[in-house]
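Per full-length UniProt numbering, the very first residue in the sequence shown carries number 1; after that it's consecutive.
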Amino acid sequence: RVIPLEHGHIGSLTHYREEVMRRSALRLQSVFRGWKARQRAAKYAQVEAFLAARQFALDDIKRKIIKQYENFDSLTGVARMKWDARVRMKQGKLRAAGRTLDRAGVVEVLMEEEIKMQHGEVNDRFDEIQRARGLVINGDDENIPEAIKHEPFSALADQMGLPVPPEQLDFYETTLMLPEHLVDDLPEEEEEEPKDSGTKKKRMFA
């Protein structure tokens with residue numbers, strides 16, 4: 001059998017070598033870009049999971065404080081006297097500051113202040129963990145998309161609303177830009193063929 005010449009030019013060894021080098025460079029670039037994309041995706045996943053854990057902790061603290069303040073009205077004895085005194089003292093301070101609130105409003109203010117204080121402590125602790133583990137993108141919190149901060153469970157690419165650059169494409173996606181014969185040895189995804197088709201199409205050299 002005669003093996004068809006890939007370069008299409010009889011005796012053009014220089015052209016053949018240049019084509020091999022060019023295609024090899026493209027192949028290396030695609031492999032490297034795929035590796036970098038997987039690294040970046042893993043980093044984004046870690047940051048997203050960390051922000052989700054932070055939000056879960058904040059919500060859990062808020063839920064516990066709300067439940068605690070709801071149980072204050074059921075206190076009896078000395079504990080109830082202390083709670084009522086605390087509410088009256090806060091009500092007096094608010095009235096002196098020009099805010100006249102009823103008991104329910106004062107309790108809500110106390111609860112909001114408690115939530116704010118506890119959230120500050122939780123955020124400080126998570127900030128320490130974030131710096132210790134390097135869970136920031138490009139070493140700067142500001143580089144983390146705002147959509148991820150407020151919606152940690154959302155898909156990164158969709159929430160960023162930006163086109164995916166070539167270096168962030170997956171390995172199989174980058175290989176689609178290569179010449180056909182360079183990806184012959186890659187594992188291909190199985191495609192469903194029509195039921196009336198009894199043979200598979202074979203790839204032909206150009």
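Beta carbons are placed, not taken as given, at the ideal position from N, Cα and C, and that holds for glycine.
query, result
"Alpha-carbon spacing of Ala57 relative to Ser24, whole angstroms", "50 Å"
"Stretch pair the region 105–114 + the region 63–81: three plus CB contacts closer than 8 Å", "yes"
"Leu26 versus Val20: straight-line alpha-carbon distance, rounded", "10 Å"
"Cβ-Cβ distance between Ile129 and Ile65 below 8 Å", "no"
"Where Arg23 sits in the DSSP three-state scheme", "helix"
"Nearest-angstrom beta carbon gap, Phe126 and Arg63 [assumed within contact, 8 Å]", "So it is not a contact: roughly 17 Å between Cβ atoms."
"Length of the line joining the Cα atoms of Met117 and Val107", "15 Å"
"Backbone secondary structure at Arg99 - three-state DSSP", "coil"
"Same chain, Cβ closer than 8 Å to Ile61, neighbours up to 5 away in sequence not counted", "Ile115, Gln118, His119, Val122"
"CB of Arg99 within 8 Å of CB of Val87, strictly", "no"
"Neighbour-count burial assignment, Ala85, 16 or more Cβ in a 10 Å radius", "exposed"
"Integer Cβ distance of Leu135 from Gln39, believed to fall under 8 Å", "With 8 Å as the limit, Leu135 and Gln39 do not qualify as a contact, their Cβ atoms being about 14 Å apart."
"Rounded separation between Asp73 and Ala97 - CA only", "26 Å"
"Short Cβ contact (8 Å threshold) for Trp83 with Leu75", "yes"
"Environment of Leu51 [buried if 16+ CB atoms lie within 10 Å]", "buried"
"Rounded straight-line distance, which links the Cα of Arg17 to that of Ala42", "38 Å"
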